[in-house]
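Novice:
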Amino acid sequence: RDSLENAWRANMERTGYGRREIHQALEEAGAAGIITSYWSKGFGSNKIFSARTKTIPTIDIELEDYTMLYRLAEYGNKPIVKIVAESKDLGVAPTYNTLAEIKGTEKPDEYVVLSAHFDSWDGGTGATDNGTGTLVMMEAMRILKKVYPNPKRTILVGHWGSEEQGLNGSRAFVEDHPEIVKNTQAMFNQDNGTGRVVNLSGAGFLHSYEYLSRWLEAVPKDITKHIETHFPGSPSGGGSDNASFLAAGAPAFNLSSLSWSYWNYTWHTNRDTYDKIVFDDVRSNAILTAILVYMACEDPNRTSTEKIVLAVDSRTGEQRTWPEPRSPERRGGLD
Numbered sequence: 001r002d003s004l005e006n007a008w009r010a011n012m013e014r015t016g017y018g019r020r021e022i023h024q025a026l027e028e029a030g031a032a033g034i035i036t037s038y039w040s041k042g043f044g045s046n047k048i049f050s051a052r053t054k055t056i057p058t059i060d061i062e063l064e065d066y067t068m069l070y071r072l073a074e075y076g077n078k079p080i081v082k083i084v085a086e087s088k089d090l091g092v093a094p095t096y097n098t099l100a101e102i103k104g105t106e107k108p109d110e111y112v113v114l115s116a117h118f119d120s121w122d123g124g125t126g127a128t129d130n131g132t133g134t135l136v137m138m139e140a141m142r143i144l145k146k147v148y149p150n151p152k153r154t155i156l157v158g159h160w161g162s163e164e165q166g167l168n169g170s171r172a173f174v175e176d177h178p179e180i181v182k183n184t185q186a187m188f189n190q191d192n193g194t195g196r197v198v199n200l201s202g203a204g205f206l207h208s209y210e211y212l213s214r215w216l217e218a219v220p221k222d223i224t225k226h227i228e229t230h231f232p233g234s235p236s237g238g239g240s241d242n243a244s245f246l247a248a249g250a251p252a253f254n255l256s257s258l259s260w261s262y263w264n265y266t267w268h269t270n271r272d273t274y275d276k277i278v279f280d281d282v283r284s285n286a287i288l289t290a291i292l293v294y295m296a297c298e299d300p301n302r303t304s305t306e307k308i309v310l311a312v313d314s315r316t317g318e319q320r321t322w323p324e325p326r327s328p329e330r331r332g333g334l335d
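According to the UniProt record's numbering, the residues represented by the sequence shown are 1 to 335, in order.
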């Protein structure tokens, strides 16, 4: 496999274009369409992202069909492929964040934030990326609204738009609402599949152990028994919406799930469909989230946001720095 991959890369380099540029070059050269296959290293599973052409169709087909066409072409059989692709350019469309809150009674200007992105790629139906994260946060809010309708701090949930294009929804919120970010007690994000939460990192906050471990103690052991904690951990520069808050200095934590072959089979693939959801795991994660939010609201103390001193980068010999806030892409469009 390695030798074939190296040969493919060498062949690509000889064209003078990279993987991202060659599609546009083919379109400009007069190609009627592009057939590609982005295998996800799982049976029948392909990665689905946006096309890099502007007007001609880009068709992704499964690996098994792609390799058959490749062999036919290599053997000189000149396969003919008929593709019916209908689409309409609707122009630039706005994307939105969906927000809700339960107002705090004692400290209404301090916030505990629930987070999950609402958008998904269209190869499947976005069930585990990030339908399950959305379900967890909606159910956690339902529980909290029913049993804890008068929280001490304001509970805010953000279902972010345009996460898949670069965390745009959450970055816009952070940029537009510094008063909320500055007063965030804790932020909990979920965005990696249907499995139970098994990992919680302190995200580089020096004293995160003091409050996160205390809050976790309130959660039933059958939910926390498989959760590994890492304190103080290190900050994430990207990946999901917690990174937007983290870069601005807010104590933002990712509730990381057991993968269930997530990366190969459902993450950004044509197999990310409803039947992959394990609802018992979603239920467990909703309970965990609701209790963590409750404990964060009730805590008499503000969470410390003191950061660790980051280690030296072994590659550069320079000390690592805390991620910097980045502005969202607000313009949209293909250019």
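Every residue, glycine too, gets a C-beta built ideally from N, C-alpha and C.
#1: What runs of the alpha helix (DSSP H), each 4 residues or longer, lie entirely inside the region 240-315?
#2: Output needed for Ala127: all residues of its chain with C-beta closer than 6 Å, excluding positions within five of it in sequence on either side, in chain order.
#3: As an exercise, report each continuous alpha helix (DSSP H) stretch of at least 4 residues that is fully enclosed by the region 112-166, in chain order.
#4: Could you work out which residue in Arg331, Leu310, Glu329 and Ser314 is closest to Trp322 when comparing CA atoms only?
#5: Out of Ser208, Asp299, Ala93 and Leu288, state which residue places its alpha-carbon closest to the alpha-carbon of Glu106.
#6: For Ser314, count neighbouring Cβ atoms within 10 angstroms of its own Cβ and tell me buried if that reaches 16, exposed if not.
#7: According to DSSP, simplified to helix, strand and coil, what is Ala10?
#8: Excluding the five sequence neighbours on either side, which residues of its own chain have a C-beta within less than 6 Å of the C-beta of Ser40, listed in chain order?
#9: Would you list the one or two residues that DSSP bridges to Thr36?
#10: Which residue from Asn301, Arg330, Ser234 and Val197 puts its Cα closest to that of Asp281?
#11: Measure the C-alpha to C-alpha separation of Glu139 and Gly44 and round it to an integer number of angstroms.
#12: With a threshold of 6 Å on Cβ separation, who are the neighbours of Val312 within its own chain once the five nearest residues in sequence on each side are excluded?
#13: Is it buried or exposed, Asp11, if we count other Cβ atoms within 10 angstroms and call 16 or more buried?
Specialist: So, from the listed chains and residues:
#1: You should have 242-247, 262-265 and 279-298.
#2: Excluding positions up to five away in sequence, the list reads Asp272, Thr273, Tyr274, Lys276 and Ile277.
#3: 132-147
#4: Leu310
#5: Selected option, being the one with the closest Cα: Asp299.
#6: exposed
#7: helix
#8: Answer for Ser40: Asn46, Lys47, Asn264 and Thr269, listed in chain order.
#9: Asp60
#10: Val197
#11: Distance between the alpha carbons of Glu139 and Gly44 is about 32 Å.
#12: Non-local beta-carbon contacts of Val312 in its own chain, meaning distances under 6 Å to residues more than five positions away in sequence, involve Gln319 in chain order.
#13: At residue 11 the sequence reads Asn, which differs from the Asp that was named. Exposed.
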